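**Q** Quick one: the structure is below, and I'll ask about it shortly.
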Amino acid sequence: MTTIYIDTNIFMNESFFRSAQALAFLKACSIVQVSVVIPEIVIDEVLGNYPKKLRTKAKEFQRVQRELGRLIDIDMQDVSVTDEVSDYEDWLYQLIDEKGVVIAPYPKISVKELVDRSYCGEKPFKESGEGHKDFLVWETVKEHIDSDSTTPPNFFVTNNVKDFGGKDEADKDILFEKLAEQIEDVKRRPVLFTSLRAVFDKVLAPHLQDISLDEIPDLNSDDIQMMTERYLLEDLPQRTAFGFEGVPFGNDVNISGVGASDISEVTLKKVDDEVVIFVSGSVEIEVDGFMEKHSYYSDVDPDGGSNVYVVDSDWNNHVMAVSSSVETAFELSIVYSVAEEKVTGYQIALPDEIESDWYQ
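Residue numbering for the sequence shown follows full-length UniProt numbering, starting at 1 and increasing by one per position.
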């Protein structure tokens with residue numbers, strides 16, 4: 001049976017697997033009989049990080065309530081982190097049980113071997129020796145494959161490509177050769193994907209039923225256009241990134257405005273009682289950030305039609321605040337409940353976004 005292994009960063013990026021896209025992914029895996037395997041260390045990392053994330057967001061929620069309470073009369077709400085963490089753990093294990101997700105146990109490796117391997121500086125370890133959790137994830141995947149628990153093909157979904165892989169000549173994400181070679185049977189070596197959307201498109205979608213808009217009550221092409229525009233306007237402003245292709249500055253930028261969008265393709269796949277609508281296209285965005293003064297004056301020609309605009313030429317002694325507009329690609333996934341006749345969730349990816357190595 002085809003097997004998909006999921007890393008911690010993918011889990012957390014999907015709202016700790018509460019997102020509509022993550023749940024649709026699990027439904028699709030059940031329909032096409034694809035096994036989902038989560039290393040036990042991933043479960044432990046998720047359960048360790050969930051309270052931290054929840055506490056941070058709860059503090060933000062309380063702050064916003066206090067500020068709003070100065071302007072209007074509102075009933076303040078408390079978030080019981082302890083109760084919510086307990087509820088999430090119960091929900092997670094129930095989801096795992098209901099969807100038949102496999103939890104792969106920790107690898108059979110001694111602490112001494114773990115320490116020795118960290119000093120070798122070989123991937124997935126960093127040169128500094130960091131990366132023991134990544135190492136345990138990989139060893140778990142490798143042991144599970146070597147145990148003959150799967151039949152090819154196998155897939156590994158992680159956005160930590162710097163420690164697990166690189167790019168081939170076709171700019172496709174691939175495992176580092178030294179990691180791949182640790183699995184003797186070439187056919188069993190996992191193919192690398194960096195998002196649930198990517199593995200859904202390439203692995204699951206070809207085996208799912210196509211459906212047309214004509215088959216969905218109360219939904220037409222105009223609705224798709226309006227939803228796309230609304231979700232882009234709701235989601236993109238103030239989104240932060242390391243940078244964007246076509247923008248000559250980076251290392252901490254944010255989207256300050258959203259302009260016109262153009263849809264190039266719409267595809268629909270039936271997943272049980274839901275429809276996953278994939279919308280691809282381009283959108284104009286305004287990006288704010290900072291640029292070193294010497295880089296601006298040496299690289300940007302103010303009289304040559306440059307697309308970089310100075311917001312504050314003296315932000316500090318070294319940098320200036322700048323802005324730029326660019327047309328960038330977007331990929332929108334909409335999960336639509338046919339029975340309830342409503343959208344249950346959506347997610348937007350920007351393929352031209354340049355991400356920093358935020359997750360350790």
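Using N, Cα and C, we set each Cβ at its ideal position, and we do this for glycine too. In this text, all values refer to a predicted model and were calculated from it rather than measured experimentally.
1. Check each candidate in Ile74, Glu234 and Leu23 and name the one with the smallest Cα separation from Ile255.
2. Can you give the Cα-Cα distance for Lys202 and Ser295, rounded to whole angstroms?
3. Is the distance from the Cβ of Asp163 to the Cβ of Lys108 below 9 Å?
4. Quick one: does Gly246 have its CB under 9 Å from some CB of chain B?
5. Could you spell out the range, first to last residue, of the alpha helix (DSSP H) harbouring Met1?
6. Using only the alpha-carbon positions, how far apart do Pro237 and Val287 sit?
7. For Val319, I'd like the list of residues in its chain whose CB is within less than 7 Å of its CB, leaving aside the five on either flank, ordered along the chain.
8. Output the distance between the C-alpha atoms of Phe17 and Thr344, rounded to the nearest integer angstrom.
9. On the three-state DSSP scale, how would you describe Lys202?
10. Using the DSSP secondary-structure output, state which residues sit across from Pro39 in a beta bridge.
11. Using the Cα positions of Val42 and Val32, report the straight-line distance between them to the nearest angstrom.
12. Mind checking which residues open and close the beta strand (DSSP E) that includes Met76?
13. For Pro351, name the three-state secondary structure that DSSP assigns.
14. Taking the alpha-carbon positions, what's the Pro206 to Asp7 distance?
15. Would you say Val186 and Glu274 are within 9 Å of each other, going by their C-beta atoms?
16. Quick check: the stretch 105 to 122 against the stretch 151 to 163, are at least 3 beta-carbon pairs closer than 8 Å?
**A** To lay it out plainly:
1. For the purposes of this step, residue 255 is taken as the residue at position 255 of the sequence shown. For the residues Ile74, Glu234 and Leu23, the minimum Cα distance to Ile255 belongs to Glu234.
2. Position 202 of the sequence shown, counting from 1, holds the residue named residue 202. Position 295 of the sequence shown, counting from 1, holds the residue named residue 295. Straight-line Cα distance between these residues: approximately 41 Å.
3. Reading the sequence shown from its first residue, position 163 is the one you call residue 163. Reading the sequence shown from its first residue, position 108 is the one you call residue 108. Contact check for Asp163 against Lys108 fails: the beta carbons are separated by 9 Å or more.
4. Looking for chain B here will not work: only one protein chain is present.
5. The residue labelled residue 1 in the question sits at position 1 within the sequence shown. Looking at the DSSP string, Met1 is not in any alpha helix (DSSP H), and its letter there is neither H nor E.
6. The residue you call residue 237 lines up with position 237 of the sequence shown. The residue you call residue 287 lines up with position 287 of the sequence shown. Cα to Cα, the separation comes out at about 9 Å.
7. Walking along the sequence shown from the start, residue 319 turns up at place 319. Only Phe290, Met291, Glu292 and Lys293 meet the Cβ criterion.
8. Residue 17 sits at position 17 when you count from the first residue of the sequence shown. Residue 344 sits at position 344 when you count from the first residue of the sequence shown. The alpha-carbon atoms of Phe17 and Thr344 are separated by roughly 14 Å.
9. Stepping through the sequence shown from its first residue, residue 202 is reached at position 202. If DSSP states are grouped into helix, strand and coil, Lys202 belongs with the helices.
10. Along the sequence shown, one-based indexing puts residue 39 at 39. Answer is Ala104.
11. By one-based count along the sequence shown, residue 42 stands at place 42. By one-based count along the sequence shown, residue 32 stands at place 32. Using only the alpha carbons, I get a separation of about 24 Å.
12. As a position in the sequence shown, residue 76 is number 76, starting the count at 1. Note, Met76: premise wrong, no beta strand (DSSP E); not H, not E.
13. Numbered from 1 along the sequence shown, position 351 holds the residue referred to as residue 351. If DSSP states are grouped into helix, strand and coil, Pro351 belongs with coil.
14. In the sequence shown, residue 206 corresponds to position 206, counting from 1. In the sequence shown, residue 7 corresponds to position 7, counting from 1. Their Cα atoms are separated by approximately 23 Å.
15. Your numbering for residue 186 matches position 186 in the sequence shown. Your numbering for residue 274 matches position 274 in the sequence shown. No. Outside cutoff.
16. no
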